[in-house]
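Chains as they are written, first to last, in my numbering: chain A, 182 to 501; chain B, 182 to 501. We treat Cβ as the ideally placed atom computed from N, Cα and C, and that holds for glycine. Reading through the structure tokens given below for one structure.
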């Protein structure tokens with residue numbers, strides 16, 4: 182397990198550890214979107230990652246980093262969904278148990294995905310407190326190692342491999358936009374930008390209805406995420422010390438986006454690129470749509486973090 | 182223009198002519214779908230082709246094959262949508278006019294796509310007779326060259342490049358499944374299987390509610406497509422002499438599929454592969470789902486012919 186802010190060498194070792202387990206996802210471009218927004222967009226398609234989201238990078242790094250004695254007892258986590266599915270799949274690949282605490286409000290599609298990977302699911306109330314207490318109890322009973330979705334340098338190092346792959350293909354991006362929830366992905370993206378690019382500014386995209394990270398960085402204190410209200414169900418969580426410190430050091434800025442913009446961005450990606458992304462991914466294009474002057478003629482990377490959208494409830498078909 | 186059944190050399194020349202204009206689309210695999218259906222599936226993603234469908238291959242071949250005098254007067258066609266969009270885009274790339282006759286029943290998304298490519302649209306009744314008469318009148322007025330969606334060897338040669346690309350990547354497919362409408366794509370696929378593979382059997386996938394091609398081959402006569410009733414809006418048209426003769430010579434068989442199977446297949450592709458395909462594409466997976474014994478442990482290519490689905494009307498949300 183990685184005990185300090187992941188170094189360049191930590192990230193390189195992480196990539197060697199997981200590269201045969203993860204998909205190297207494509208970096209797609211779209212002429213029609215480039216024309217529409219007047220810039221050069223590079224979409225990193227983690228919606229095609231195993232278990233449908235970037236979370237599999239961190240989860241597989243965490244599982245592969247356990248020693249034999251710990252590995253056999255399995256892993257446990259609480260998660261709104263994608264981390265849970267990813268950890269379950271990584272555990273199944275090593276034939277060890279995964280115990281998952283999920284909020285009872287999680288989308289059906291994510292509950293089903295976790296169950297399909299053979300994890301043992303326990304439901305909790307959708308509060309941070311209830312999740313954590315439930316998980317602690319199960320960890321005490323089973324001896325499973327708790328793998329936090331982002332308050333964990335091994336996880337952050339895993340997520341950093343996403344941006345590392347981007348910079349291997351395009352090393353002169355002006356900006357790299359990543360969604361911000363608990364900030365594991367954007368923290369890892371910052372580290373890879375620092376170590377593997379020397380000019381790319383990393384921007385976090387956060388829902389206006391869950392803007393605790395934006396306020397935390399502005400006011401230099403970690404705010405809890407209280408009653409977040411957004412369609413981006415992967416971005417409900419709050420910063421932790423580890424991600425707060427990395428963002429403070431390396432992040433260029435956070436831009437907040439209203440859900441109606443994210444929904445519009447999501448529909449444009451589906452229509453034009455013919456790929457399925459969830460709202461928490463589409464918010465990155467929302468940042469470009471809302472700030473045309475900033476991005477005009479720039480080379481911009483966008484991390485499409487996952488594709489686990491509920492196909493029975495499309496947001497543009499609901500009233501807001 | 183190609184005047185006889187395209188030869189191996191015609192296909193090779195066609196590919197050289199259009200290869201810099203078209204996308205070489207990916208051939209995707211999915212571990213979870215392979216497990217689900219017990220065979221090895223290779224999905225040729227023409228949903229990622231320019232204008233969202235394989236039709237751009239034939240259309241660009243047709244436009245690039247015109248002599249200078251004809252080219253400047255432009256092109257005209259009638260089409261339920263994807264051919265129209267493809268021809269409009271190919272014409273715009275050469276800065277010549279495209280005149281499009283569309284049935285007034287065409288999906289909104291396809292009308293908009295054609296309009297966005299700058300074509301001049303005329304609406305007709307949704308009958309073959311009305312389409313053809315309207316197109317003839319405009320051709321006479323403008324001198325534009327009529328480019329039939331499939332009753333045209335230059336178009337068929339263009340569509341054949343799709344299967345050619347598949348065989349360049351996987352040359353030992355047991356089966357290649359292509360949708361059947363007017364049969365331009367499946368005819369081209371048959372020709373490429375004959376010239377570039379020596380064992381792949383080509384199967385046509387046709388909706389049960391529009392099974393004129395199935396009946397035509399069975400009864401050795403070309404039946405018209407009368408009141409077709411299917412969600413596969415790209416597969417409403419009937420065979421012509423050219424495609425009938427090619428299918429008679431080279432096609433292994435046609436399998437017909439009910440719409441509810443196609444809808445289920447479409448949802449599975451969206452959910453598992455995170456890509457958007459239209460019903461006329463998903464029918465190819467429907468063939469595999471309905472015939473598990475036939476395809477077990479086989480290597481099967483499926484042409485996902487297009488991705489122009491109407492995101493406001495998802496078929497699994499309607500009652501049938």
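- Pairing residue 187 of chain B with residue 341 of chain B gives a Cβ-Cβ distance under 9 Å.
- Scanning the segment 246 to 279 of chain B for uninterrupted alpha helix (DSSP H) segments of 4 residues or longer gives 249 to 254, 263 to 274, listed from N- to C-terminal end.
- DSSP assignment within the segment 378 to 458 of chain A yields the following whole alpha helix (DSSP H) runs of 4 residues or more, N-terminal first: 393 to 400, 422 to 431, 440 to 449.
- For residue 360 of chain B, the three-state secondary structure derived from DSSP is strand.
- Using a Cβ-Cβ cut-off of 9 Å, residue 360 of chain A does not count as an interface residue toward chain B, since no Cβ of chain B sits closer than that to its own.
- Short of 6 Å from the beta carbon of residue 324 of chain A, and not among the five residues preceding or following it, lie these beta carbons of its own chain, in chain order: 254.
- Leaving aside the five residues that flank residue 203 of chain A on each side, the residues in its chain whose CB is nearer than 8 Å to its CB run, in chain order, 230, 231, 237, 238, 241, 342.
- Taking a Cβ-Cβ threshold of 7 Å, the residues of chain B close to residue 228 of chain A are 455, in chain order.
- Taking residue 385 of chain A as reference, the option from A/282, A/377, A/371, A/379 with the minimal CA-CA separation is A/371.
- Taking a beta-carbon distance threshold of 9 Å, residue 208 of chain B does not count as an interface residue toward chain A.
- Measuring C-alpha to C-alpha distances from residue 399 of chain B to each of B/436, B/376, B/390 identifies B/436 as the nearest.
- Considering only beta carbons, no part of the segment 340 to 368 of chain B lies closer than 8 Å to chain A.
- Within the segment 485 to 496 of chain B, those residues whose Cβ lies closer than 8 Å to any Cβ of chain A are, in chain order, 488, 492, 493, 495.
- Judged by DSSP secondary structure, residue 484 of chain A falls within the beta strand (DSSP E) whose first and last residues are 480 to 485.
- For residue 224 of chain A, the uninterrupted beta strand (DSSP E) segment begins and ends at 221 to 226.
- Residue 281 of chain B sits in a strand when the DSSP states are folded into three classes.
- Excluding residues up to 5 positions away in sequence, 337, 340, 341 lie with their Cβ nearer than 6 Å to the Cβ of residue 369 of chain A in the same chain.
- In terms of Cβ geometry, residue 309 of chain A and residue 378 of chain A do not form a close pair [threshold 9 Å].
- Scanning its chain for C-beta atoms nearer than 8 Å, with the 5 sequence neighbours on each side dropped, one finds around residue 351 of chain A the residues 208, 223, 480, 482, in chain order.
- Contact of residue 216 of chain B with chain A by beta-carbon distance below 8 Å is absent, the smallest such distance being about 11 Å.
- Close to chain B, meaning a Cβ-Cβ distance shorter than 7 Å, are the following residues of the segment 233 to 255 of chain A: 233.
- Residue contact with chain B for residue 458 of chain A: present (Cβ-Cβ distance below 9 Å to some residue of chain B).
- Annotation: residue 462 of chain A to residue 360 of chain A spans about 7 Å, alpha carbon to alpha carbon.
- If you draw a 10 Å sphere on the C-beta of residue 423 of chain A, you find 16 or more other C-beta atoms in it, and that means buried.
- Taking 9 Å as the threshold, the shortest C-beta distance from residue 498 of chain A to chain B falls below it.
- Here the alpha carbons of residue 183 of chain A and residue 191 of chain A stand approximately 8 Å from one another.
- In this chain, the beta strand (DSSP E) harbouring residue 301 of chain A covers 301 to 305.
- The Cβ atoms of residue 420 of chain B and residue 393 of chain B lie closer than 9 Å to each other.
- With a beta-carbon spacing of about 11 Å, residue 293 of chain A and residue 283 of chain A fall beyond the 8 Å limit used to define contacts.
- What residue 389 of chain B touches in chain A, judged by beta-carbon distance under 8 Å, is nothing: the nearest beta carbon there is about 24 Å away.
- Within the model, the alpha-carbon separation for residue 363 of chain B versus residue 487 of chain A is close to 37 Å.
- Contact annotation for residue 448 of chain B against chain A: 492 [CB-CB distance below 7 Å, chain order].
- In chain B, no part has a C-beta under 7 Å from the C-beta of residue 419 of chain A; the shortest such distance is about 28 Å.
- When secondary structure is reduced to three states using DSSP, residue 492 of chain B falls in the coil class, being assigned neither helix nor strand.
- Chain A places a beta carbon closer than 9 Å to that of residue 290 of chain B, counting this residue as a contact.
- The bridge partners DSSP lists for residue 209 of chain B are B/224.
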